[in-house]
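Student:
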Amino acid sequence: MIIRIEPESDIPIYQQMTNQIIEGIAIGLIQPGDSLPSVRTFAADLGINMHTVNKSYHQLEKKGIIRIVPKSGAVISSPHDYNDFSFDRLKENYKLLIAESLVVGMSNEQIQELVSSTINHLKNSSNKEA
Amino acid sequence: MTLAIFLIIAVILAGIQIAVPFLVKRTVIFGITVPEKHINNEKLSSFKKKYSLLVSLLSIISLVSYAIWVLSSSASEEQTVLIGTVIQFAIILFSFTLYFYFHGKTLQLKKKMKWGENTKQIQIADLSARAKDEMLPWYVFLVPILITVGVIGYTISQYTLLPDQIPTHWGINGEADAFTDKTPVSAVSSPLMLLVMQVMFLAIIISTKKSGIKLSATATNASRLRQLTLRKYTSWLLFLTSILLTGMFSFFQLRTIHPDIVDGTIVMAVPIIFLVITLGSTVAFALKVGRSDKRSIDEAAAGITDYDDDKHWVGGLFYVNKNDPSIFVEKRFGVGWTINFGNPIGYLIILIPIAIIILFSFL
Chain W
205 MIIRIEPESD
215 IPIYQQMTNQ
225 IIEGIAIGLI
235 QPGDSLPSVR
245 TFAADLGINM
255 HTVNKSYHQL
265 EKKGIIRIVP
275 KSGAVISSPH
285 DYNDFSFDRL
295 KENYKLLIAE
305 SLVVGMSNEQ
315 IQELVSSTIN
325 HLKNSSNKEA
Chain A
7 MTLAIFLIIA
17 VILAGIQIAV
27 PFLVKRTVIF
37 GITVPEKHIN
47 NEKLSSFKKK
57 YSLLVSLLSI
67 ISLVSYAIWV
77 LSSSASEEQT
87 VLIGTVIQFA
97 IILFSFTLYF
107 YFHGKTLQLK
117 KKMKWGENTK
127 QIQIADLSAR
137 AKDEMLPWYV
147 FLVPILITVG
157 VIGYTISQYT
167 LLPDQIPTHW
177 GINGEADAFT
187 DKTPVSAVSS
197 PLMLLVMQVM
207 FLAIIISTKK
217 SGIKLSATAT
227 NASRLRQLTL
237 RKYTSWLLFL
247 TSILLTGMFS
257 FFQLRTIHPD
267 IVDGTIVMAV
277 PIIFLVITLG
287 STVAFALKVG
297 RSDKRSIDEA
307 AAGITDYDDD
317 KHWVGGLFYV
327 NKNDPSIFVE
337 KRFGVGWTIN
347 FGNPIGYLII
357 LIPIAIIILF
367 SFL
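Note that the protein sequences, when read in sequence, are chains W and A. Heads up, the first sequence is in my numbering, so the first residue is 205 and it goes up one at a time. Heads up, the second sequence is in my numbering, so the first residue is 7 and it goes up one at a time.
What follows is the structure, given as structure tokens:
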């Protein structure tokens, strides 16, 4: 999988990395059980500070998306590694996003439509890439 | 003989200098990042042609007059060597001066044409690139090290057989021309120097492997092919060099212990064979890597450009980036690697062995 970073974007680099890795797993470009490159390798490939990569990995670890295993590095978790805690946290995030959507005037249907089209988009991408 | 060797080396040296603008990474012209869609700009092509033409003119004139001078006058061996070396340095100096001239010109052109402005800069990494990395594993570099340790051990065991004068320098004909008194240190000093070099090679290969695989967002496939080709053939070239050096040093060491082991013709052939293989493989390496990314195999994406890291390249030649953990990065003007001067490990790998070797030669 190719990670694309925009150094001059307002989104911090570590956040861009996290987002793309999550999307990559959703699409199926990276499979559960695969390992991510070591922090040093990843930073060297992008020519960025190792702390930036570390920050992204810690963020992913906190979300439960990767497990940092000594020697084998950062390993992608499989769906059954997640628990109620993960779902609760996501529920909170959804709540905030849905609230914001309602505030800007999106209708119930528009929100539903957005959710299903996003899911379709990710699934289609996964078919295309495979 | 000396003339022929100097001419061959100088011709190869000049040839590589002349070809450099056409062998470098496709998106870097005279040390300046140029967006993919502008790399075939007419002005840039004329800069490259002018550079090559001027370097070839100077090289041809100086080498032809050098050859005529050596053949017509009765120049001594020392004079031939001295002037030959001066000419090689002059060619390098001249091409560097021209490089800086065109570096400035390209920079001006880039500013004037506003290349790369108002486009999104993208930096990319391929998570699966390492799986395609075909560098030789580091442990094959232990083979020459083990051979050298064996040679040192053998020398110690045969210490009484060694002559009272230990050779420290050999001429191009393979015969020793400088000596020092026999002591336990001087007896093994040349294989020890070899050992230092081999350890340096080992350190270089390990750090190269750890250094980044830098890809271009606008020519991802071409740049990946070039990076992987560079890494693979660097490890091969380094291994070959290590083996050749080991062979040559061990041969001379064994001949010091057993002077009658081989006859003179073989002794004369050894340095020549070494020279020919080293030069030949260096040229093959430069061509193989230099041509690897010249066929366009990527679709140009609109609105994006590669991350412009010119600010990390002092004069377009020296890479200084404290954030980048890479120890070596691909050269911008030339084929091969350069040190990341923002990372002190790089200096140590190169400077410590050189310091040790200099120290040895004063002992």
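For glycine and all other residues, C-beta sits at the position ideal for the given N, C-alpha and C. Model, not experiment: these values are computed from the prediction.
Going straight from the alpha carbon of Glu123 of chain A to that of Asp315 of chain A, what length do you get?
Tutor: Counting from 1 along the second sequence, the entry for residue 123 of chain A is found at position 117. Counting from 1 along the second sequence, the entry for residue 315 of chain A is found at position 309. C-alpha separation (whole angstroms): 14 Å.
Student: Using a Cβ cut-off of 8 Å (strictly closer), state whether Glu227 of chain W contacts chain A.
Tutor: For the purposes of this step, residue 227 of chain W is taken as the residue at position 23 of the first sequence. Not closer than 8 Å to any Cβ of chain A, the Cβ of Glu227 of chain W fails to qualify, so no.
Student: Measure the beta-carbon distance from Asp183 of chain A to His175 of chain A and round it to whole angstroms, keeping in mind my assumption that it falls under 8 Å.
Tutor: The residue labelled residue 183 of chain A in the question sits at position 177 within the second sequence. The residue labelled residue 175 of chain A in the question sits at position 169 within the second sequence. About 6 Å separates the two Cβ atoms, so the contact holds.
Student: Which same chain residues, not among the five before or five after Leu201 of chain A, have their C-beta less than 8 Å away from its C-beta?
Tutor: Residue mapping note: residue 201 of chain A aligns to position 195 of the second sequence, counting from 1. Cβ neighbours of Leu201 of chain A beyond the five flanking positions: Ile151, Thr154, Val155, Ile158.
Student: Check the DSSP bridge columns for Phe324 of chain A and list the partner residues they point to.
Tutor: The residue labelled residue 324 of chain A in the question sits at position 318 within the second sequence. According to DSSP, which records beta bridges pairwise, Phe324 of chain A is partnered with A:Val320.
Student: Using Cβ-Cβ distances below 7 Å, what residues of the segment 205-222 of chain W are close to chain A?
Tutor: For the segment 205-222 of chain W, which is checked against every Cβ of chain A, the residues closer than 7 Å are Met205, Ile206, Ile207, Arg208, Ile209, Glu210, Pro211, Glu212.
Student: Should Lys31 of chain A be labelled buried (16 or more other beta-carbon atoms within 10 Å of its own) or exposed?
Tutor: Walking along the second sequence from the start, residue 31 of chain A turns up at place 25. Classification for Lys31 of chain A: buried.
Student: Hey, Ile136 of chain A and Pro241 of chain W are a contact pair by Cβ (cut 8 Å); roughly how many whole angstroms apart?
Tutor: Mapped onto the second sequence, residue 136 of chain A falls at position 130. Mapped onto the first sequence, residue 241 of chain W falls at position 37. At residue 136 of chain A the sequence reads Arg, which differs from the Ile that was named. The pair is a contact, with the Cβ atoms about 6 Å apart (cut-off 8 Å).
Student: Considering only their Cβ atoms, is the gap separating Thr284 of chain A from Thr250 of chain A smaller than 8 Å?
Tutor: One-based indexing of the second sequence puts residue 250 of chain A at position 244. One-based indexing of the second sequence puts residue 284 of chain A at position 278. It should be pointed out that residue 250 of chain A corresponds to Leu in this sequence rather than to Thr. For Leu250 of chain A and Thr284 of chain A, yes; Cβs fall inside 8 Å.
Student: At the 8 Å Cβ level, is Pro236 of chain W part of the contact set with chain A, yes or no?
Tutor: By one-based count along the first sequence, residue 236 of chain W stands at place 32. It does not; no Cβ of chain A falls within 8 Å.
Student: Taking DSSP's pairing of strands, which residues face Lys126 of chain A in a bridge?
Tutor: Taking the first residue of the second sequence as 1, we reach residue 126 of chain A at position 120. Note: Lys126 of chain A sits in a beta bridge opposite A:Ile310.
Student: Spell out the partners DSSP gives Pro173 of chain A in its beta bridges.
Tutor: For the purposes of this step, residue 173 of chain A is taken as residue 167 along the second sequence, with counting starting at 1. A:Phe185, per the DSSP bridge assignment.
Student: Sort A:Gln129, A:Thr86, A:Lys55 by Cα distance to Ile105 of chain A and report the nearest one.
Tutor: The residue you call residue 105 of chain A lines up with position 99 of the second sequence. The identity of residue 105 of chain A in the sequence shown is Tyr, whereas the question assumes Ile. Comparing Cα positions, the closest option is A:Lys55.
Student: Could you confirm whether any beta carbon from chain A is found closer than 8 Å to the beta carbon of Pro283 of chain W?
Tutor: Looking up residue 283 of chain W in the first sequence gives position 79. Judged by the 8 Å Cβ criterion, Pro283 of chain W is not in contact with chain A.
Student: Along the segment 241-271 of chain W, what residues have a CB closer than 7 Å to any CB found in chain A?
Tutor: Residues passing the 7 Å Cβ filter: Pro241, Arg244, Thr245, Phe246, Ala247, Ala248, Asp249, Leu250, Gly251, Ile252, Asn253, Met254.
Student: Would you call His325 of chain W buried or exposed, if buried means 16 or more other Cβ atoms sit within 10 Å of its Cβ?
Tutor: Locating residue 325 of chain W in the first sequence gives position 121, where the first residue counts as 1. So His325 of chain W counts as exposed.
Student: Check whether the Cβ of Gly218 of chain A lies closer than 8 Å to any Cβ atom in chain W.
Tutor: If you number the second sequence from 1, residue 218 of chain A lands on position 212. Yes, contact with chain W.
Student: CB Asp312 of chain A to CB Ile128 of chain A, shorter than 8 Å?
Tutor: Taking the first residue of the second sequence as 1, we reach residue 312 of chain A at position 306. Taking the first residue of the second sequence as 1, we reach residue 128 of chain A at position 122. Yes. Within cutoff.
Student: Taking 8 Å as the CB-CB cut-off, is Tyr313 of chain A touching chain W?
Tutor: Position 307 of the second sequence, counting from 1, holds the residue named residue 313 of chain A. Cβ-Cβ to chain W under 8 Å: yes for Tyr313 of chain A.
Student: Can you tell me which of the three DSSP states Asp238 of chain W falls into?
Tutor: The residue you call residue 238 of chain W lines up with position 34 of the first sequence. The answer is coil: DSSP assigns Asp238 of chain W none of H, G, I, E or B.
Student: For Arg136 of chain A, would you say it is in contact with chain W, using Cβ-to-Cβ distances shorter than 8 Å as the test?
Tutor: For the purposes of this step, residue 136 of chain A is taken as the residue at position 130 of the second sequence. Chain W contact via Cβ: present.
Student: Alpha carbon to alpha carbon, how far is Leu323 of chain A from Pro41 of chain A?
Tutor: Here residue 323 of chain A refers to the residue found at position 317 when the second sequence is read from its first residue. Here residue 41 of chain A refers to the residue found at position 35 when the second sequence is read from its first residue. The alpha-carbon atoms of Leu323 of chain A and Pro41 of chain A are separated by roughly 19 Å.
Student: What does a CB cutoff of less than 6 Å around Gln224 of chain W pick up in its chain, not counting 5 residues either side in sequence?
Tutor: The count along the first sequence starts at 1 and reaches residue 224 of chain W at position 20. Counting only Cβ-Cβ distances below 6 Å, and skipping sequence neighbours, we find Ile207.
Student: Are Leu113 of chain A and Ile38 of chain A closer than 8 Å when you measure CB to CB?
Tutor: As a first step, residue 113 of chain A must be located in the second sequence, where it is residue number 107. As a first step, residue 38 of chain A must be located in the second sequence, where it is residue number 32. Yes, these two residues count as a Cβ contact at 8 Å.
Student: With H, G and I counted as helix, E and B as strand and the rest as coil, what does DSSP make of Arg244 of chain W?
Tutor: Counted from its first residue, the first sequence places residue 244 of chain W at position 40. Of the three classes helix, strand and coil, the one that applies to Arg244 of chain W here is helix, per DSSP.
Student: Quick one, which of A:Asp299, A:Ser248, A:Thr33 has its alpha-carbon nearest Val146 of chain A's?
Tutor: Translated into the one-based positions of the second sequence, residue 146 of chain A becomes position 140. Answer by Cα proximity: A:Ser248.
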